[in-house]
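Participant:
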Ligand code: SF4
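Chains as they are written, first to last, in the working numbering: chain A, 3 to 166; chain B, 634 to 820; chain C, 796 to 1244.
Here you go:
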């Protein structure tokens, strides 16, 4: 079990995570500082950034002191020397989710943040290229949000075609 | 003069049959691999299955040189206009095989991202079932297409009406005009 | 909110139906100086260097360069990758991958399927190495459930995963050969692949998209006589890798296009979160099988192959040698395969054996419950990762206690590795661009999911 790196921002709440060494809960303000602290502590690689929409789960179990918001940004960092993983869950806001971009620290998150924007509408401020990445440019809505339908098309069974 | 007296080998037949025979034996597919099915399509062209025995090993990269489009894999909403464009660039006569359940009906991905059947975009001649269709299935589809070419009309253009089994003025048929095929955000 | 999103005019739909506006590469006159500098500068900044202003030709005019589109229906982009390249003559200045042409909405579909059905969905992501996907997903579910799979299941999984790695690298060798014009390599690669696929078909019933590894174990035990099949596979493929060696490694044309082309340094690769053979080619011995062992990788012997220069040739050599290492692991699995169950005997997780359903009412009920309702997974969230043939394949799973995942996110290694392409292509010629795409080996199903 690793401790939070020294000089991490005050008030970050941690617990033990499944399949990671440390799980941190950060607010939007703590988030950039926390990531920077981890980066200085040797976490060289941002493995994953993704969004989660907790629309139907505003009462999810969270440690004491964490204010649940609808959107979360989940960041996985990796320390390749000590072989440790850290997961940061940022409470990213409810109505207009916006968090700082990690692009300056880890340029590798560029595509992942764009994906989170495309799928959830979470904005990453100072991201150099905040555009859709997977959906067509003129698409409306953010498909992985919970209030966005699956878009299921009812299956019709037609009669068998006659001879051609 | 009897034919036996001729110096060279001759082939006689109706022009229509000869054209169909020639067409059938030299269908050049365009590479239009999209997803998993494309890997199986490649496997069909490689050593063990060897499509070249049907005169089909030349996978043309330019749609202008191809007669057959094998839509191998799922077609997303973003890909749909591209697919249509490639189809429009192909020369007549042209055929389409829809390979795999995804291309044929959307398959297991009945959601916002996937076009539920490539026949909404281009007219399809043969559907190959399976997920993925094994190379044998693809070959069967190809042989079915060969049979269609052999028995079809050579002068048929696609604009000239709906497929016979649909009858006239059946609204289900995608017309051969460049429509905006992006199907839009599902409501 | 809108002022922070980058927009670009979309040409009239009727003229350019396939334009993607701001997602594509903009012409120079529409790109700010910052932007131009960022494209090349971001990576340098992280590795402690600063951008040399001479490196960016800020005052080059639009009419000196040309933006061309490669893809999405291009034969050598391995599927539906679309690259927009800015060229100066034959040299690539800027590159931007435009992706999403195979976006399947699998993460959304995954939320509609129960945990039991979920493996069918994820297996279609990286269609060249389906087992890695299933394995990754199953391990995430098992971690949430807190169950341990039996020994035999672990070893079967490991063997299948390694066989799949062989298949994946063979397909890579084949397509790479095709891209470079070595068409015979394509024929050979697919020939050997059939050998392994025949075994897959015997075991799981399908050639691709096997849905063989499932939460709780594997779908079926290995077929009778599997030892012989696997032994033949190992022997043949091991011998054939030396043939490939002869065919390609020393071949002058091949070397000309691979050696020293498109190098990447370790710092750059790490900054860009690149994993897998591309990272290892820079000399970083980072392989999850060794670094954070899962399954029984700590009990088998194998080497982590690393390169030195991070160029195309290293990436090729790593993949070729990984085939040999995988064969080594499969051989050890063959010897050490334990006896026992191939899935956990927990009726809440795995269905009862087919034969029991006829005899026992209880088994029937369990079977019915499992396939109608699915299994209940405790509330929680988990990230688990495996080493797929392309790098770290991660799965982030959020459960709300019901029988369907609340959120399923897959970290596709190709998706992230793709970001290295602009860097690798910069300054190279257009023909090198083909080899770059090929050696990074993106699988579009996994990029777009
Ligand atoms: S039909 Fe199956 S194999 Fe083919 S693209 Fe769809 S999911 Fe992949």
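Even for Gly, the Cβ is constructed at its ideal location relative to N, Cα and C.
Given the structure is predicted, the values throughout are model-derived calculations rather than measurements.
Across which residues does DSSP place residue 732/B in a beta bridge pair?
Facilitator: On the second chain, residue 732/B is found 99 positions in, with the first residue counted as 1. For residue 732/B, which the question treats as bridged, DSSP gives the partners 705/B, 761/B.
Participant: For ligand 1, is there a heavy atom less than 7 angstroms away from the beta-carbon of residue 1004/C?
Facilitator: One-based indexing of the third chain puts residue 1004/C at position 209. Yes, Cβ of residue 1004/C sits closer than 7 angstroms to a heavy atom of ligand 1.
Participant: Can you have a look at residue 1226/C and say buried or exposed, based on whether 16 or more other CB atoms are within 10 angstroms of its CB?
Facilitator: Here residue 1226/C is taken as the residue at index 431 of the third chain, counted from 1. Exposed.
Participant: Is there contact between the region 15-30 of chain A and the region 56-69 of chain A, where contact requires at least three CB pairs shorter than 8 angstroms?
Facilitator: Yes: at least three Cβ pairs fall under 8 angstroms.
Participant: Measuring alpha carbon to alpha carbon, tell me which of 697/B, 653/B, 716/B, 695/B ends up nearest residue 706/B.
Facilitator: The residue given as residue 706/B occupies position 73 in the second chain. The shortest C-alpha separation from residue 706/B is found at 716/B.
Participant: May I have the straight-line CA-CA distance separating residue 1123/C from residue 697/B, to the nearest angstrom?
Facilitator: Counting from one through the third chain, the residue named residue 1123/C turns up at place 328. Counting from one through the second chain, the residue named residue 697/B turns up at place 64. Going from the Cα of residue 1123/C to the Cα of residue 697/B covers about 47 angstroms.
Participant: Do residue 1011/C and residue 1208/C have their beta-carbon atoms positioned less than 8 angstroms apart in this structure?
Facilitator: Translated into the one-based positions of the third chain, residue 1208/C becomes position 413. Translated into the one-based positions of the third chain, residue 1011/C becomes position 216. Contact flag unset, no.
Participant: Taking C-beta pairs closer than 7 angstroms, name the residues in chain B that residue 867/C reaches, listed in chain order.
Facilitator: Working through the third chain from its first residue, we reach residue 867/C at position 72. Chain B residues near residue 867/C: 712, 715.
Participant: Would you please state the rounded distance, in angstroms, between the beta carbons of residue 1245/C and residue 1008/C? I believe it to be under 8 angstroms.
Facilitator: Any property of residue 1245/C remains undetermined from this structure, which presents chain C solely from 796 to 1244.
Participant: Bridge partners of residue 78/A, per DSSP?
Facilitator: Reading the first chain from its first residue, position 76 is the one you call residue 78/A. Note: residue 78/A sits in a beta bridge opposite 50/A, 89/A.
Participant: Give the range of the alpha helix (DSSP H) segment to which residue 590/B is assigned.
Facilitator: Here chain B covers residues 634 to 820 and nothing more, so residue 590/B does not appear.
Participant: So if DSSP puts residue 879/C in a beta bridge, which residue, or which two residues, is it bridged to?
Facilitator: Locating residue 879/C in the third chain gives position 84, counting from the first residue. Residue 879/C pairs with 864/C, 891/C.
Participant: Note down, in chain order, every chain A residue with its Cβ under 7 angstroms from the Cβ of residue 642/B.
Facilitator: Against the second chain, residue 642/B aligns to sequence position 9. Going along chain A, no residue has its Cβ under 7 angstroms from residue 642/B, so there is no contact; the nearest lies around 35 angstroms.
Participant: In the DSSP assignment, find the unbroken beta strand (DSSP E) run with residue 754/B in it and report its ends.
Facilitator: As a first step, residue 754/B must be located in the second chain, where it is residue number 121. Looking at the DSSP string, residue 754/B is not in any beta strand (DSSP E), and its letter there is neither H nor E.
Participant: Counting only the same chain and skipping the five closest in sequence on each side, list residues whose C-beta sits under 7 angstroms from that of residue 988/C.
Facilitator: In the third chain, residue 988/C corresponds to position 193, counting from 1. Around residue 988/C: 962, 965, 966.
Participant: Indicate whether at least one CB of chain B lies closer than 8 angstroms to the CB of residue 876/C.
Facilitator: Reading the third chain from its first residue, position 81 is the one you call residue 876/C. Answer no: the Cβ-Cβ gap between residue 876/C and chain B never drops below 8 angstroms.
Participant: Please state the DSSP three-state secondary structure of residue 1104/C.
Facilitator: Taking the first residue of the third chain as 1, we reach residue 1104/C at position 309. Residue 1104/C: coil per DSSP, three-state reduction.
Participant: So with CB distances below 8 angstroms, who are the chain A contacts of residue 1175/C?
Facilitator: If you number the third chain from 1, residue 1175/C lands on position 380. Near residue 1175/C (Cβ distances below 8 angstroms), the residues of chain A are 20.
Participant: For residue 1210/C, which residues in chain A fall below 7 angstroms Cβ to Cβ?
Facilitator: In the third chain, residue 1210/C corresponds to position 415, counting from 1. Those are 113, listed as they occur along chain A.
Participant: Is there a C-beta anywhere in chain C that falls below 8 angstroms from the one on residue 63/A?
Facilitator: For this step, residue 63/A is matched to residue 61 along the first chain. Chain C, which has a Cβ nearer than 8 angstroms to the Cβ of residue 63/A, makes this yes.
Participant: Can you tell me whether residue 128/A is buried or exposed? The criterion is at least 16 other CB atoms within 10 Å of its CB, across all chains shown.
Facilitator: Indexing the first chain from 1 puts residue 128/A at position 126. By the 10 Å Cβ count, residue 128/A comes out exposed.
Participant: So is residue 1231/C in contact with chain A if we call contact Cβ pairs under 8 angstroms?
Facilitator: Taking the third chain and counting its residues from 1, the one referred to as residue 1231/C is at position 436. No, no contact with chain A.
Participant: Output the distance between the C-alpha atoms of residue 669/B and residue 991/C, rounded to the nearest integer angstrom.
Facilitator: Walking along the second chain from the start, residue 669/B turns up at place 36. Walking along the third chain from the start, residue 991/C turns up at place 196. Rounded to whole angstroms, residue 669/B to residue 991/C spans 17 angstroms at the Cα level.
Participant: Is residue 122/A near residue 55/A, with beta carbons less than 8 angstroms apart?
Facilitator: Start at 1 with the first residue of the first chain, and residue 122/A comes out as number 120. Start at 1 with the first residue of the first chain, and residue 55/A comes out as number 53. Result yes, Cβ atoms of residue 122/A and residue 55/A sit closer than 8 angstroms.
Participant: Evaluate residue 1037/C with the Cβ neighbour count: other Cβ atoms within 10 Å of its Cβ, from every protein chain shown; 16 or more gives buried, anything less gives exposed.
Facilitator: Taking the first residue of the third chain as 1, we reach residue 1037/C at position 242. Exposed is the call here.
Participant: My assumption, with CB atoms under 8 angstroms, is that residue 727/B sits in contact with residue 137/A. Please give the rounded CB distance.
Facilitator: As a first step, residue 727/B must be located in the second chain, where it is residue number 94. As a first step, residue 137/A must be located in the first chain, where it is residue number 135. About 30 angstroms separates the two Cβ atoms, so there is no contact after all.
Participant: Expressed to the nearest angstrom, what Euclidean distance is found between the alpha-carbon atoms of residue 1145/C and residue 1177/C?
Facilitator: Position 350 of the third chain holds residue 1145/C. Position 382 of the third chain holds residue 1177/C. One C-alpha to the other measures close to 21 angstroms.
Participant: Helix, strand or coil: how does DSSP classify residue 970/C here?
Facilitator: Position 175 of the third chain, counting from 1, holds the residue named residue 970/C. Three-state DSSP puts residue 970/C in a helix.
Participant: Buried or exposed: where does residue 1080/C fall if 16 or more other Cβ atoms within 10 Å of its Cβ makes it buried?
Facilitator: The sequence position of residue 1080/C within the third chain is 285, counting from 1. Exposed: under 16 other Cβ atoms inside 10 Å.
Participant: Less than 8 angstroms between the CB atoms is what I'm expecting for residue 1129/C and residue 1022/C, so what's the real figure, rounded?
Facilitator: One-based indexing of the third chain puts residue 1129/C at position 334. One-based indexing of the third chain puts residue 1022/C at position 227. Indeed they touch by this definition, with Cβ atoms about 6 angstroms apart.
Participant: With 8 angstroms set as the bound, which would you pick, yes or no: does the beta-carbon of residue 895/C sit closer than that to a beta-carbon of chain A?
Facilitator: Here residue 895/C corresponds to residue number 100 of the third chain, with the count starting at 1. At least one chain A Cβ lies under 8 angstroms of residue 895/C.
Participant: Compute the Euclidean distance between the alpha carbons of residue 685/B and residue 671/B, then round it to the nearest angstrom.
Facilitator: Your numbering for residue 685/B matches position 52 in the second chain. Your numbering for residue 671/B matches position 38 in the second chain. Spanning the two alpha carbons is a distance of roughly 17 angstroms.
Participant: Please report how far the alpha carbon of residue 1027/C lies from the alpha carbon of residue 1005/C, in whole angstroms.
Facilitator: Locating residue 1027/C in the third chain gives position 232, where the first residue counts as 1. Locating residue 1005/C in the third chain gives position 210, where the first residue counts as 1. Those two C-alpha atoms are separated by around 21 angstroms.
Participant: How is residue 1200/C classed by DSSP in three states: helix, strand or coil?
Facilitator: The sequence position of residue 1200/C within the third chain is 405, counting from 1. Correct three-state label for residue 1200/C: strand.
Participant: Determine the DSSP secondary structure at residue 119/A, reduced to helix, strand or coil.
Facilitator: Here residue 119/A refers to the residue found at position 117 when the first chain is read from its first residue. If DSSP states are grouped into helix, strand and coil, residue 119/A belongs with the helices.
Participant: With respect to the beta strand (DSSP E) encompassing residue 1155/C, which residues constitute its N-terminal and C-terminal limits?
Facilitator: Here the question's residue 1155/C lines up with position 360 in the third chain. Per DSSP, residue 1155/C belongs to no beta strand (DSSP E) and is neither H nor E.
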